[in-house]
Every structure is written in C-alpha cells, then in structure tokens.
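Below: the structure, in structure tokens.
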Amino acid sequence: MMESNADSFNEHPVFAAELFPYRSLGRRGFKVLLILSGAVCFLYGMFFIVSGAWPIGFFFGLDFMLLYGAFWLSYRSGRAREEVTVSRTDVSVRKFAPSGQMVEHHFNPFWARFHVRRHQEIGILSMHIFGEGRRTDVGSFLNPDDRESFAKAFKGALATVKQRI
291 MMESNADSFN EHPVFAAELF PYRSLGRRGF KVLLILSGAV CFLYGMFFIV
341 SGAWPIGFFF GLDFMLLYGA FWLSYRSGRA REEVTVSRTD VSVRKFAPSG
391 QMVEHHFNPF WARFHVRRHQ EIGILSMHIF GEGRRTDVGS FLNPDDRESF
441 AKAFKGALAT VKQRI
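To convert, note that position 154 of the sequence shown is 444 in this note's numbering; the numbers rise steadily by one, no gaps.
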C-alpha cells in the first residue's frame with residue numbers, strides 16, 4: 291500500500307534529537323587515569339608491605355578497586371540515552387536504560403504541553419512533556435547548558451507543528 295504525499299509530510303520529523311549524558315573524561319583519559327593511579331597505588335602499597343605495614347598496602351589496592359568500580363558505574367550509566375522526535379502527528383520519546391531496555395512514550399503534538407521547571411540561579415531543574423493524562427521527563431541527565439538549548443529547540447518544534455494546521 292502506498293502512502294499519500296500528505297501522510298508522508300505529516301510523518302516527516304520536524305525535530306529529532308538524541309540526548310546523551312555528559313562525561314568529562316573520555317575512554318582514553320580513563321585508561322590513562324587508571325594506569326597512573328594503579329602505578330601509584332602499587333608502588334606505595336609495595337612500599338608499605340615491604341616496610342611491615344602490610345594492612346596499609348592492602349588498603350592501596352582497595353582504593354584502586356573502588357576507583358575502578360566508581361568509574362565503571364559512571365560509564366555504565368553513561369550508556370543511557372533518549373531519542374526525541376516531533377512530527378505533525380506524533381511526539382515520541384524513546385528512553386534507553388544502561389541495560390539496553392527501551393521505554394517509549396507517544397503524545398499527540400496538539401495536546402502535548404512542555405513544562406520547564408526553573409530555578410533563578412541554577413537554571414532548568416527539570417523538563418516534562420504532558421498530554422492526555424500522561425507525562426514523562428526529558429533530559430534529566432543533561433547539563434544546564436544542554437538543557438537550555440534542548441528546551442528552546444523543542445519548544446520551537448512544538449510551536450511549528452501547532453502552527454501548521
């Protein structure tokens with residue numbers, strides 16, 4: 291069955307964004323940090339073990355393992371992402387958990403409302419899409435600058451869709 295041109299126009303996204311959490315340290319920096327901290331922990335740990343203060347040496351190993359675990363958890367949570375699209379017929383928010391599980395939310399763009407909660411000094415605290423008795427948060431993991439730019443672009447896309455009746 292072929293789509294008409296009007297259906298194709300209505301389904302064409304006016305706005306599409308893929309949101310990722312910000313990580314200040316890349317994979318290469320992570321490896322360098324682990325090598326340097328591992329070397330320091332190993333050298334000092336061996337020094338204390340040889341000096342007879344063996345419990346302190348083992349704590350250096352424990353420190354290194356905790357540092358590695360904290361960064362592993364941080365990078366795992368960094369695999370979360372959201373895909374937000376706006377077309378004339380649908381507002382879609384697809385949320386991907388770090389485990390890979392996906393949850394999808396759909397809203398009618400003419401009923402959808404975008405609510406931004408702000409703090410005077412901090413900026414945007416949260417963003418939610420409401421519609422038809424449902425709601426979902428968007429971009430909760432973004433930094434303040436990215437929240438501002440996303441909110442501006444998303445509001446513009448919703449306004450554009452609602453104008454083209």
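Where is the CB? At the ideal position from N, CA and C, for every residue including glycine.
Requested in this report: Using DSSP bridges, identify the partner residues of phenylalanine 386.
Outcome: Indexing the sequence shown from 1 puts residue 386 at position 96. Arg371 and Met392, per the DSSP bridge assignment.
Requested in this report: Measure the alpha-carbon distance for leucine 363 versus histidine 396 and round it to whole angstroms.
Outcome: The residue you call residue 363 lines up with position 73 of the sequence shown. The residue you call residue 396 lines up with position 106 of the sequence shown. The straight-line gap from Cα to Cα measures roughly 30 Å.
Query raised in the report: What does a CB cutoff of less than 8 Å around glutamate 422 pick up in its chain, not counting 5 residues either side in sequence?
Result: On the sequence shown, position 132 is the one that residue 422 refers to. Hits under 8 Å: Phe397, Asn398 and Trp401.
Report task. With a cut-off of 8 Å on the beta carbons, I'd call serine 375 and serine 382 a contact; round off their distance for me. Result -> Mapped onto the sequence shown, residue 375 falls at position 85. Mapped onto the sequence shown, residue 382 falls at position 92. Here the sequence assigns threonine to residue 375, which means serine is not the residue at that position. With a Cβ gap of about 5 Å, threonine 375 and serine 382 count as contacting.
**Report entry** Supposed close pair glutamate 308, arginine 371 - CB separation, criterion 8 Å
**Finding:** Taking the first residue of the sequence shown as position 1, residue 308 is located at position 18. Taking the first residue of the sequence shown as position 1, residue 371 is located at position 81. Contact between glutamate 308 and arginine 371 is confirmed by a C-beta separation of about 6 Å, below the 8 Å threshold.
Query - Assigned secondary structure, isoleucine 325 (DSSP; H/G/I helix, E/B strand, else coil) - result: Taking the sequence shown and counting its residues from 1, one reaches residue 325 at position 35. Of the three classes helix, strand and coil, the one that applies to isoleucine 325 here is helix, per DSSP.
Query raised in the report: With contact counted as at least three CB pairs below 8 Å, one residue from each stretch, are the stretch 446-453 and the stretch 386-394 in contact?
Result: No, because fewer than three Cβ pairs between the stretch 446-453 and the stretch 386-394 fall closer than 8 Å, the two stretches do not touch.
Query raised in the report: Quick one: what's threonine 426 bridged to in DSSP?
Result: Within the sequence shown, residue 426 is the residue found at index 136, counting from 1. DSSP, once it has assigned bridges, lists Ile419 as partnering threonine 426.
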